[in-house]
Amino acid sequence: MSAPTLLIIAHGSRDPRHAATVDALRARVRSQRPGLRVEAAFLEFNAPRVPQVLARLAAEDATEVIALPLLLTRAFHAKTDIPAVLREATARHPRLSVRQAEVLGPSPLLMDALERRLHEAGLRSADRPSTGIVLASAGSTDPEAIAVIAEIAREWRHTGWCAVRPAFASASLPRTEDAVRALRADGVARVAVAPYVIAPGRLPDRIAHGAQAAGADLLAPVLGPAPELARLLLCRYDEARGAGRVLLSA
């Protein structure tokens, strides 16, 4: 039997860099596992939308799909939006079964990707003891998601950085610029901002503007199609496949 199709579900954005990044990540996943069918779909703004891709898969006689939310925390989109879209789509295609995989974070692979981006931006291993990090995420109104970001910052602090503070581009506080200034006030010699976001867009731009406004020494790129992120997608796919139960079906 053929393996289930991996369907990467991204939120979507009016910023064309978002869809381009999702496509690059899909290509990297394919390169890491040749032969696996990997599709991508969006909740809004971009095409194709999730129902369109599932309809096409059903028309091609696919029977199993693992839907993987391209999300770093388990908040509203993972808990509500995506399950609703998948239930509605599978109701139209009763022969198609869909398993929703877990969100990507937290994971050591994400921490590895963050470290990669910081090093690409110019930080060296010797800089670690004198550098404070702002872990800048998109933000959420979901307390569970906010708590996860705070815990990641606490854990990351134990890897040798002199300080790590969480920050948020929307919905929650502090903002990136406030976290940068707080580290400066604590006497941190060097401040780097690490965007905990996957693709460029409005909120990552807000993170970048906050870093610049507060005078951060370094701004890392977004995670993008980092090889660690592609590996993580395949890990979540394998976990969902090994669960052995259909989470969503008509």
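Numbering (my numbering) for the sequence shown: 1221 to 1470. We put the beta carbon where it would ideally sit given N, CA and C, even for glycine.
Legend entry - Sequence-distant residues of the same chain with beta carbon closer than 7 Å to S1390, five excluded per side: A1358, G1359 and L1423
Inset, instruction - Measure the Cβ-Cβ separation of P1447 and R1248 and say whether it is below 8 Å. - result: yes
Legend entry - With 16 other Cβ atoms within 10 Å as the buried cut-off, status of D1406: So D1406 counts as exposed.
Legend entry - Coil, strand or helix - F1296 by DSSP: The answer is helix: DSSP assigns F1296 an H, G or I state.
Inset, instruction - Please confirm whether A1287 and L1256 have their CB atoms less than 8 Å apart. - result: no
Inset, instruction - For the alpha helix (DSSP H) containing L1372, list its first residue and its last residue. - result: With the sequence shown as reference, residue 1372 is identified as Ile, and Leu is not the correct amino acid for it. P1363 to R1377 is the extent of the alpha helix (DSSP H) around I1372.
Inset, instruction - Tell me whether the beta-carbon of L1245 lies closer than 8 Å to the beta-carbon of L1454. - result: No.
Legend entry - A1520 classed as buried or exposed, judged by whether at least 16 other C-beta atoms fall within 10 angstroms: Residue 1520 cannot be examined here, being either before or after the span of the chain that is shown, 1221 to 1470.
Inset, instruction - Mind the definition here: the stretch 1423–1441 touches the stretch 1256–1271 only if three or more C-beta pairs lie below 8 Å; say whether that holds. - result: Too few Cβ pairs lie closer than 8 Å, so no.
Inset, instruction - Have a look at R1312, P1303 and A1282 and flag the residue whose alpha-carbon is nearest the alpha-carbon of S1222. - result: A1282
Inset, instruction - Using three-state DSSP, classify G1352 as helix, strand or coil. - result: Secondary structure of G1352 (DSSP, three-state): strand.
Legend entry - Proximity winner among L1274, S1350 and P1394, relative to A1409 (alpha-carbon distances): S1350
Inset, instruction - Go through its chain and collect everything with a Cβ distance to A1230's Cβ below 6 Å, but skip five positions before and after it. - result: The residues are V1242, F1262 and L1290.
Inset, instruction - Would you mind listing the alpha helix (DSSP H) stretches within the stretch 1421–1451 that are 4+ residues and don't spill past its ends, in chain order? - result: 1422–1433
Inset, instruction - Only counting runs of 4 or more residues, tell me where the alpha helix (DSSP H) segments fall wholly within the stretch 1240–1286, in order along the chain. - result: 1270–1279
Inset, instruction - Quick one: residues in its chain with C-beta nearer than 6 Å to the C-beta of E1264, no 5 flanking neighbours on either side, listed in chain order? - result: G1232
Inset, instruction - Return the CA-CA distance between L1467 and P1441, expressed in angstroms with no decimal places. - result: In this predicted model, L1467 has a pLDDT of only 49, less than 50, meaning its place in the structure is not dependable; the value taken from the coordinates is given anyway. One C-alpha to the other measures close to 35 Å.
Legend entry - Cβ-based burial, L1330 [other Cβ within 10 Å; buried from 16]: buried
Legend entry - Close beta carbons around L1452, own chain, < 7 Å, minus the five adjacent residues each side: The beta carbon of L1452 sits closer than 7 Å to the beta carbons of L1324, S1327, L1329 and L1330 from its chain, once the five residues preceding and following it are set aside; these are given in chain order.
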